[in-house]
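Here this note's numbering is used: the first residue of the sequence shown is 1248, the next is one more, and so on.
Built from N, CA and C at the ideal position, the CB exists for glycine as well.
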Amino acid sequence: MEKDTLKTNYLTSFWEDDSFNSRLDILVKKRTLSLLGNVKNKKILDIGCGSGKLCRLLSKKGGFVTGIDFLKSQIEVAKQQEAGQPLGIKYSQKDFFSNNFESDQKFNIIISHLVHVYYKGKAFKNSFKKIYNLLSKDGVYIYASNHPSRVFYNESSGWIKTYHNPKRMNYFKNELLKMKLISLTGSVFNNVDYHHTFSETVNSIIAAGFVIEKIIEPSPNNEEMKEFPQFKDEKRLPAFLIIVARKPSIN
Ligand SMILES: C[S@@+](CC[C@H](N)C(=O)[O-])C[C@H]1O[C@@H](n2cnc3c(N)ncnc32)[C@H](O)[C@@H]1O
């Protein structure tokens, strides 16, 4: 039941086309690309790659990219794109969180953008160890997810106390966060995902053995604000949290 709600959420979202026109594209994918810099000849895994937008961008920069996603519809779109413009990206339909992903190679870079939002508890925590084991020594992991402060984002998040909404969102619990959001292109959508506290996220990544190198709370720059004045909320409150973690070369 819960999984179905979350599934509907992926299917009704708006990350299909290749232009940079969503908060996720601008504040996460663009930031990840600049954080990674030169990816030539790097083996890269994108977990929850969706329709493969980031895979294509990384492949065009010379990376050897594998993209996995558990939704057939997303992988089909990605494969169609690959058939239309072959870049050598390997896509497969895999459920990373229920353990059916195995690889005979280690990756230099692993990325998971907005995938952990659908998991909590053990599945959330154990995923970081799996990622750690799939990375080569000195490999980099880029985690990106919704910022925990999103509970404060707007009234629909259930944080603000109103007469009509007596149930309060509890920051310290992995509750489902249901919010109405307006995309940069104007469509309204019902976002449903799990809230994770800042400490839970950071400590789970550290517990897997990673060294955290950088934490980014992306905020639109002046140029981005000019192009998308709708970003005004992200100027006062971060929508996303990006964590750059490294598997140590000696362990
Ligand atoms: C919010 S979308 C983000 C897509 C892409 N990473 C991006 O940044 O544009 C989350 C994606 O994670 C995928 N996903 C969720 N759970 C997954 C799992 N267990 N294994 C693989 N992919 C999963 C969904 O199907 C969806 O395509």
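Close Cβ partners of residue i (< 7 Å) along its chain, the five nearest in sequence each way excluded
i	result
R1483	none
I1463	R1278 and I1489
K1367	N1421 and Y1441
Backbone secondary structure at residue i - three-state DSSP
i	result
G1309	coil
L1292	strand
K1372	helix
S1383	strand
E1464	coil
A1486	coil
M1416	coil
Q1340	strand
K1277	helix
Y1366	coil
L1361	coil
I1322	helix
I1452	helix
Buried or exposed by the 16-neighbour rule on C-beta atoms within 10 Å, applied to residue i
i	result
T1313	buried
Q1321	buried
A1455	buried
I1497	exposed
S1446	exposed
I1452	buried
Cβ-Cβ separation, residue j to residue i (assumed contact under 8 Å), whole Å
i	j	result
S1396	L1361	Actually they do not touch by this definition, with Cβ atoms about 16 Å apart.
L1305	I1291	5 Å
S1298	F1344	Actually they are not in contact, since the Cβ atoms of S1298 and F1344 sit about 19 Å apart, beyond 8 Å.
K1494	G1386	5 Å
K1307	L1334	7 Å
is_contact[residue i, chain C] using C-beta, thresh 8 Å
i	result
L1318	No chain C appears in this structure, which consists of one protein chain only.
Own chain residues within Cβ distance below 8 Å of residue i, not counting five before or after
i	result
R1270	S1430, L1431, F1478, E1481, A1486 and F1487
Residues of its chain near residue i, where Cβ-Cβ distance is below 6 Å and the 5 sequence neighbours each way are ignored
i	result
V1275	H1360, A1391 and F1487
beta-carbon residue i near ligand 3 non-hydrogen atom, thresh 7 Å
i	result
L1274	Questions concerning ligand 3 fall outside what the structure shown contains, since the ligands it does hold are ligand 1.
Evaluate the contact criterion for the segment 1417–1429 versus the segment 1439–1452: three or more CB pairs, one atom per stretch, below 8 Å.
yes
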